[in-house]
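Engineer:
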Amino acid sequence: LNFALRIIPMARPFSRFIARAMSGLKEKHNCIRPSAEVKGDLHIWASFLAHFNGAVIWPARPVSSETL
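What the sequence shown shows, in this note's numbering, is residues 386 to 453, in sequence order.
1. Take residue 416 as the anchor and find which of 406, 425 and 424 has the nearest alpha-carbon.
2. Measure the C-alpha to C-alpha separation of residue 429 and residue 391 and round it to an integer number of angstroms.
3. In whole angstroms, what separates the C-alpha of residue 426 from that of residue 419?
4. If you draw a straight line from the alpha carbon of residue 414 to that of residue 388, how long is it in whole angstroms?
5. For the alpha helix (DSSP H) holding residue 407, just list the boundary residues, first then last.
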């Protein structure tokens with residue numbers, strides 16, 4: 386998941402609860418009881434990974450605040 390966060394634009398907000406839950410672990414092999422928020426993040430990731438085809442649409446030209 387950490388790799389996906391680096392390559393997928395705007396991915397970090399959808400893993401906030403997972404990262405927060407895991408930050409308190411003392412060892413990598415320790416377990417957590419997932420909260421509703423963590424489960425929600427995991428469901429979003431499962432759906433995204435099942436449907437994402439790897440194509441990212443970039444605007445033809447950069448958009449600035451002046452053009453909006």
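Note that the Cβ used here is the ideal one computed from N, Cα and C, for glycine as well.
Nothing here was measured: the structure is a model prediction, and the numbers come from that model.
Structural biologist: Quick look at the numbers:
1. 406
2. 17 Å
3. Straight-line Cα distance between these residues: approximately 10 Å.
4. 19 Å
5. Secondary structure note for residue 407: its alpha helix (DSSP H) is the uninterrupted segment 401-407.
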